[in-house]
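In the order they appear, the protein sequences are chains A and B.
In terms of this note's numbering, the first sequence has 182 at position 182, counting the first letter as 1, and numbering is strictly consecutive.
Add 190 to the 1-based position in the second sequence for this note's numbering, that's all there is to it.
Positions of the beta carbon are idealized from the N, C-alpha and C atoms, including for glycine.
Written below as structure tokens is the structure these notes are about.
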Amino acid sequence: MDGCSLVAKDLACLRGDRLLFRRLSLSLASGEALQVAGPNGTGKSSLIRILAGLLRPFAGTVERDGAIALLNERPALDEYLPLGHALGFWQTIDGPGAAVDRLGLADLLDVPVRYLSTGQRKRAALARLIGQRAPVWLLDEPLNGLDIDAAADCQRLVAEHCGDGGIAIVASHQPFTLPGGKLAIADYAP
Amino acid sequence: MSPLLAILKRDLALLLPGGRRGGTLLPLLFFLAVTVLYPFAVGPDAPLLARTGGGVIWVAALLAAILPLDRLVAPDLEQGFFDQWALRGIAEEAVIALRVLAHWLSFGPPLMIAALPAAALLGIDGPTLRTVELGLLVGTPGLAAIGVTIAALTVSLRSGAAMAGLLLIPLAVPILIFGAGSLSTGGEGGLALTAAISLLLVAMAPFAGGAAIRAAREG
Numbered sequence: 001m002d003g004c005s006l007v008a009k010d011l012a013c014l015r016g017d018r019l020l021f022r023r024l025s026l027s028l029a030s031g032e033a034l035q036v037a038g039p040n041g042t043g044k045s046s047l048i049r050i051l052a053g054l055l056r057p058f059a060g061t062v063e064r065d066g067a068i069a070l071l072n073e074r075p076a077l078d079e080y081l082p083l084g085h086a087l088g089f090w091q092t093i094d095g096p097g098a099a100v101d102r103l104g105l106a107d108l109l110d111v112p113v114r115y116l117s118t119g120q121r122k123r124a125a126l127a128r129l130i131g132q133r134a135p136v137w138l139l140d141e142p143l144n145g146l147d148i149d150a151a152a153d154c155q156r157l158v159a160e161h162c163g164d165g166g167i168a169i170v171a172s173h174q175p176f177t178l179p180g181g182k183l184a185i186a187d188y189a190p
Numbered sequence: 191m192s193p194l195l196a197i198l199k200r201d202l203a204l205l206l207p208g209g210r211r212g213g214t215l216l217p218l219l220f221f222l223a224v225t226v227l228y229p230f231a232v233g234p235d236a237p238l239l240a241r242t243g244g245g246v247i248w249v250a251a252l253l254a255a256i257l258p259l260d261r262l263v264a265p266d267l268e269q270g271f272f273d274q275w276a277l278r279g280i281a282e283e284a285v286i287a288l289r290v291l292a293h294w295l296s297f298g299p300p301l302m303i304a305a306l307p308a309a310a311l312l313g314i315d316g317p318t319l320r321t322v323e324l325g326l327l328v329g330t331p332g333l334a335a336i337g338v339t340i341a342a343l344t345v346s347l348r349s350g351a352a353m354a355g356l357l358l359i360p361l362a363v364p365i366l367i368f369g370a371g372s373l374s375t376g377g378e379g380g381l382a383l384t385a386a387i388s389l390l391l392v393a394m395a396p397f398a399g400g401a402a403i404r405a406a407r408e409g
């Protein structure tokens, strides 16, 4: 995972006719992490999607070195399939080995995804994210719906990922223990 | 297993009969329902039924192709599958091309089989049935391509399903004209033109659909 980097210069984001933020720059090298904090509607999710390359910035550039893994409110797991099969689809693409045991999902593998609770879905999406083994993690509100233990697990996983030389950017309005700095997106509001 | 093979396998599991998203049986029953109702509507006039039956089969096939449109692309965008594929460098064009193939397999061949009892109900003779079947064989891939393209184009519209049906009809008219036309002129030329249009639509669908998915993601 060494040698990955994520550099954004002078980003601006326009949604509809509203400018959410402007002149936002950030630079992360291998092993670094950043929490993006701010109230609802200030553009945290948009920033994550811009960094992932799924949304075009209104201005500015993003340079990515290394594969991107994204965790947001869309788990990308088939609702009607048992969790094991739904994760299995991503394993056929990403290669075997999702962190099913670590996340307490072992007992849920036979349960169809549509019967899982919000927190269980989030944990399943985390397992998918880990299975991708991408060096750059972009997490959009990863703690939503997670109980205290799972939230601690999630923060530990992110810390381990950075310890292994990965990059993590976490957009969250909740406190999130990270081995890195904090970016208040409200500072970049026009 | 390569990513594209995995995606095709998933598409087929979703769309083929018994899959969660296809409802393949529904278009098929709809198709048969139309062909059953038609003789009731025009009366027991055997020569008239035999003469117009091929056209009725074509219209019924076209209408049946509209039914599954709203489930073809939209759920994958809502659930984030297209985002995850894009992050893994899998082109939207490739995904749409596979979706066309899976969609065709889910309704083309079943429709050709259902055309057999339909032809019996309408009293269509052997040679005409052969032309109908060949026409469906070369025409339904085009219908599948239009269907997936329109499903991708209307993916972010709130009333997407209704709009998709309205959009499909004018685009499908050329296939209908040549496909059903091959019945009255007795054949080869009409089939060849149906195949040509079908091929063109299949070739365009991945690019139009891929661009539509990317546009929907920006929205």
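C-beta neighbour in chain A for residue i, strict 9 Å
i	result
L204 (chain B)	yes
F397 (chain B)	no
F221 (chain B)	no
A415 (chain B)	With chain B covering 191 to 409 only, the question about residue 415 (chain B) has no answer from this structure.
R200 (chain B)	yes
F230 (chain B)	no
L273 (chain B)	Reading off the sequence, residue 273 (chain B) comes out as Asp, not Leu. Cβ-Cβ to chain A under 9 Å: yes for D273 (chain B).
P258 (chain B)	no
P299 (chain B)	no
I197 (chain B)	yes
R320 (chain B)	no
P364 (chain B)	no
R348 (chain B)	no
R289 (chain B)	no
R407 (chain B)	yes
E268 (chain B)	yes
P193 (chain B)	yes
Coarse secondary structure for residue i, derived from DSSP in three states
i	result
A281 (chain B)	coil
P82 (chain A)	strand
V226 (chain B)	helix
G131 (chain A)	helix
V170 (chain A)	strand
Q269 (chain B)	coil
R56 (chain A)	coil
T321 (chain B)	helix
L390 (chain B)	helix
G119 (chain A)	helix
D235 (chain B)	coil
P75 (chain A)	coil
C154 (chain A)	helix
A67 (chain A)	coil
L24 (chain A)	strand
P300 (chain B)	helix
P112 (chain A)	strand
D147 (chain A)	coil
Beta-carbon contacts of residue i that lie in its chain and below 6 Å, excluding the five residues immediately before and after
i	result
L383 (chain B)	F368
E179 (chain A)	What sits at residue 179 (chain A) in the sequence shown is Pro, not Glu. Closer than 6 Å at the Cβ level, and outside the excluded window around P179 (chain A), lie A33, A159 and C162.
A370 (chain B)	G245 and W248
Y228 (chain B)	V246
Other residues of its chain near residue i: CB distance less than 7 Å, five sequence neighbours each side excluded
i	result
Y188 (chain A)	F21, R22, R23 and L24
Q120 (chain A)	L108
G350 (chain B)	D260, A264 and T344
E323 (chain B)	M302 and A305
S46 (chain A)	C13, R15, L20 and L55
Rounded separation between residue i and residue j - CA only
i	j	result
T242 (chain B)	L216 (chain B)	24 Å
L239 (chain B)	D315 (chain B)	11 Å
G88 (chain A)	L77 (chain A)	10 Å
P75 (chain A)	I286 (chain B)	21 Å
L295 (chain B)	P396 (chain B)	17 Å
L381 (chain B)	F230 (chain B)	30 Å
L391 (chain B)	P364 (chain B)	11 Å
L103 (chain A)	I169 (chain A)	20 Å
V328 (chain B)	R289 (chain B)	18 Å
P300 (chain B)	V232 (chain B)	26 Å
L312 (chain B)	L70 (chain A)	55 Å
Q35 (chain A)	D201 (chain B)	37 Å
P265 (chain B)	P317 (chain B)	42 Å
S346 (chain B)	E268 (chain B)	9 Å
A398 (chain B)	W137 (chain A)	31 Å
E141 (chain A)	A255 (chain B)	40 Å
G377 (chain B)	R320 (chain B)	10 Å
A354 (chain B)	D10 (chain A)	40 Å
L333 (chain B)	E73 (chain A)	34 Å
Within-9 Å CB hit, residue i to chain B
i	result
E79 (chain A)	yes
T92 (chain A)	yes
N40 (chain A)	no
N144 (chain A)	no
Close Cβ partners of residue i (< 8 Å) along its chain, the five nearest in sequence each way excluded
i	result
G3 (chain A)	S30, D65 and G66
Can you confirm whether the segment 294 to 311 of chain B touches the segment 339 to 347 of chain B when touching is taken to mean that 3 or more C-beta pairs between the two stretches lie within less than 8 Å? no
Pairing CB atoms from the segment 272 to 285 of chain B with CB atoms from the segment 57 to 65 of chain A, are three or more of them under 8 Å? no
Is the number of C-beta pairs between the segment 141 to 157 of chain A and the segment 7 to 22 of chain A that are closer than 8 Å three or more? no
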